[in-house]
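Sequence positions in the sequence shown follow my numbering and run 3 to 137.
Below is one structure, written out as structure tokens; comments come after it.
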Amino acid sequence: MKAFRGFRDNPPLNYSAHDAGLTNLGAVADYEGVVFEDGTVAVRWLTRFRSTVFWPDYDTFYAVHGHPEYGTRIDWFNLVPDLEGRLVEVPICSMRGCVQPAVVWKSSSAANASAFCAEHDRQVRAELRADGFDV
Ligand SMILES: [Zn+2]
């Protein structure tokens with residue numbers, strides 16, 4: 003099953019006030035979610051006021067809560083059973099629609115994408131080099 007965690011590194015100041023508790027400031031995920039086979043998304047908020055919310059699809063969820071301006075990072079992974087039936091996390095590519103295993107690579111300059119498969123890793127690095135980044 004495809005799953006994700008969302009982190010927000012630069013939320014509005016009033017979100018991070020001690021008594022607001024509306025974000026974990028990127029150190030800990032603000033939410034985790036799963037994408038069911040029919041595309042339905044369940045999101046569990048991990049901030050002060052816990053809730054569990056269902057969305058018809060990931061794009062609708064992200065349109066409301068994605069907030070690239072807050073520095074949102076989404077880490078994608080697959081939940082797969084090990085030999086004893088326990089679910090373990092296997093990182094998958096952050097590129098939309100891609101479900102290939104991710105190579106380990108993280109970049110704060112690629113918003114909403116932190117790990118890519120070999121093909122998308124080459125593509126993203128080429129794009130960043132074209133923009134003048136040394137990757
Ligand atoms: Zn990919």
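The beta carbon of each residue, even a glycine, is placed where N, CA and C say it ideally should be.
Alpha-carbon to alpha-carbon, residue j and residue i
{"i": "Pro-14", "j": "Tyr-33", "result": "17 angstroms"}
{"i": "Glu-71", "j": "Leu-24", "result": "16 angstroms"}
{"i": "Gly-28", "j": "Glu-129", "result": "26 angstroms"}
{"i": "Gln-102", "j": "Trp-47", "result": "27 angstroms"}
{"i": "Asn-114", "j": "Gly-73", "result": "Confidence at Asn-114 is low in this model, with a pLDDT of 45, below 50, so the placement of that residue is unreliable and no value is reported for it."}
{"i": "Gly-41", "j": "Tyr-60", "result": "7 angstroms"}
{"i": "Ala-44", "j": "Pro-58", "result": "9 angstroms"}
{"i": "Ala-120", "j": "Cys-100", "result": "11 angstroms"}
For residue i, the residue or residues it bridges with in DSSP
{"i": "Leu-27", "result": "Val-30"}
{"i": "Asn-12", "result": "According to DSSP, which records beta bridges pairwise, Asn-12 is partnered with nothing at all."}
{"i": "Leu-81", "result": "Glu-91"}
{"i": "Arg-7", "result": "Glu-34 and Asp-77"}
{"i": "Thr-49", "result": "In the DSSP output, where bridge partners are listed per residue, Thr-49 has none listed."}
8 angstroms contact criterion, which residue i and residue j should meet: CB distance rounded
{"i": "Phe-9", "j": "Arg-52", "result": "With a Cβ gap of about 17 angstroms, Phe-9 and Arg-52 do not count as contacting."}
{"i": "Lys-4", "j": "Val-37", "result": "4 angstroms"}
{"i": "Asn-12", "j": "Thr-49", "result": "In fact, because the Cβ distance is near 16 angstroms, the residues do not count as touching under 8 angstroms."}
{"i": "Met-97", "j": "His-122", "result": "4 angstroms"}
Neighbourhood of residue i by C-beta distance below 7 angstroms, restricted to the same chain and skipping five residues each side
{"i": "Glu-86", "result": "none"}
{"i": "Glu-39", "result": "none"}
{"i": "Phe-118", "result": "Cys-95, Ser-96, Met-97, Ala-104, Val-105, Trp-107 and Val-126"}
8 angstroms CB neighbourhood of residue i in its chain, flanking five on each side removed
{"i": "Ala-22", "result": "Asn-16 and Arg-50"}
{"i": "Arg-131", "result": "Val-137"}
Proximal residues to residue i (C-beta, below 6 angstroms), its chain only, five neighbours per side dropped
{"i": "Phe-6", "result": "Gly-35, Ile-76 and Trp-78"}
(message) I'd like to know if the region 70-82 and the region 91-103 are in contact, where contact means that at least 3 CB-CB pairs between them fall below 8 angstroms.
(response) Contact between the region 70-82 and the region 91-103 is established, with three or more Cβ pairs separated by less than 8 angstroms.
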